[in-house]
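**Student:**
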Ligand SMILES: [Zn+2]
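Residue numbers (the numbering used here): 276 to 518.
#1: In its own chain, which residues sit with a C-beta less than 6 angstroms from the C-beta of residue 403, not counting the 5 before and 5 after it?
#2: Helix, strand or coil: which one does DSSP assign to residue 278?
#3: Restricting to Cα atoms, I'd like to know which of 314, 316 and 351 is closest to residue 330.
#4: Who sits around ligand 1, taking every residue whose Cβ is closer than 5 angstroms to one of its heavy atoms?
#5: Assuming the contact rule is C-beta atoms closer than 8 angstroms, residue 440 and residue 490 should be a hit. Round their C-beta distance to whole Å, please.
#6: Can you check the segment 397-479 for any alpha helix (DSSP H) of at least 4 residues that lies completely inside it and give the ranges in chain order?
#7: Touching or not, the segment 387-404 and the segment 428-437, by the rule of three or more beta carbon pairs under 8 angstroms?
#8: Can you list, in chain order, the residues of its chain with a C-beta nearer than 6 angstroms to that of residue 328? Leave out the 5 residues immediately preceding and following it.
#9: So, for residue 264: in the same chain, excluding its five sequence neighbours on each side, which residues have a beta-carbon less than 6 angstroms away from its beta-carbon?
#10: Can you tell me whether DSSP reads residue 380 as helix, strand or coil?
#11: To which residues of the same chain is residue 291 closer than 6 angstroms at the C-beta, ignoring the five residues directly before and after it?
#12: Can you grab the Cα-Cα spacing for the pair residue 431 / residue 494, in whole Å?
#13: According to DSSP, what are the bridge partners of residue 491?
#14: What residue from 372, 429, 487 and 498 has the CA that sits closest to residue 454's CA?
#15: Check this for me: beta carbons of residue 397 and residue 423, under 8 angstroms apart or not?
#16: In the DSSP assignment, find the alpha helix (DSSP H) that holds residue 374 and state where it starts and stops.
#17: Excluding the 5 residues flanking residue 472 on each side, which residues of the same chain have their C-beta closer than 7 angstroms to its C-beta?
#18: What does the alpha-carbon distance come out to for the pair residue 514 and residue 483?
#19: Going by DSSP, what residue range makes up the alpha helix (DSSP H) through residue 356?
#20: Pick out whichever of 410, 447 and 425 has its Cα sitting closest to the Cα of residue 458.
#21: In angstroms, rounded to a whole number, what distance separates the CA positions of residue 470 and residue 463?
#22: Under a Cβ-count criterion, where at least 16 other Cβ atoms within 10 Å of its own Cβ denotes burial, should residue 362 be classed as buried or exposed?
#23: Do you know offhand how far residue 496's Cα is from residue 376's?
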């Protein structure tokens, strides 16, 4: 006899309320950099921001130099509305646009022709991170897709990302595969010389070890025909809070 399934028997996590919004302003910019720093060892200092978060903060408006080349960045943040009315950020991601020459410089040196690979307008997906307690709810997927939609809406013809390869645990590989990205090349010890902290392989700034993690460069031509033109709207995800 087969007993009816009850909700308690399912292995899926309880539904949780969260929403995705576009990052905007100084607080959001520093939140994104703290994530980037904590999970990927990117530099973090008070009153200083890397270029993408710098634009998210709106600091770009203060520069009057019109000759300065303007790149564009998009931050997305996942937020949980607590019962007490407070909003808590539970994850975030960042993307940035590069013209052809700037993208060629950004691409790692590998067994491919960087000049041929880079498009005219390129989106780089820098990172997408979800707090440990909030993984498994589809948030990473939404952070990923929101940035793709943004890139596509901005006219990008190529999108790139460096995906961490973890022998155990979660990787972004299924996301890239689901969206038909091509694995261009695998890099062993990709961050050996540039990152002095890596929670994945247990390297910290105060030890002499180097990050030994392996990454894959992923690439995909745009446009996608199945992405919606709207950036952050989505009515078909039951785990997402309706704005
Ligand atoms: Zn590592």
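All C-beta atoms, glycine included, are put in the ideal place defined by N, C-alpha and C.
**Tutor:** Quick answer:
#1: 368, 415, 418 and 419
#2: In this prediction, residue 278 has a pLDDT of 49, which is less than 50 and means its spatial position is unreliable; what the coordinates show is noted afterwards. Reduced to three states, the DSSP call for residue 278 is coil.
#3: 351
#4: 473, 475, 476, 486 and 488
#5: 6 angstroms
#6: 414-428 and 448-453
#7: yes
#8: 304, 307 and 308
#9: Since the first and last residues shown for the chain are 276 and 518, residue 264 lies out of range.
#10: helix
#11: 412
#12: 12 angstroms
#13: 438 and 461
#14: 498
#15: no
#16: Run containing residue 374: none in the alpha helix (DSSP H); it sits in the beta strand (DSSP E), 362-374.
#17: 316, 478, 479 and 480
#18: With a pLDDT of 40 at residue 514, under the threshold of 50, the modelled position of this residue cannot be trusted; read the value that follows with caution. Rounded to the nearest angstrom, the two C-alpha atoms are 43 angstroms apart.
#19: Here residue 356 belongs to no alpha helix (DSSP H); instead the beta strand (DSSP E) covers 348-356.
#20: 447
#21: 14 angstroms
#22: exposed
#23: 17 angstroms
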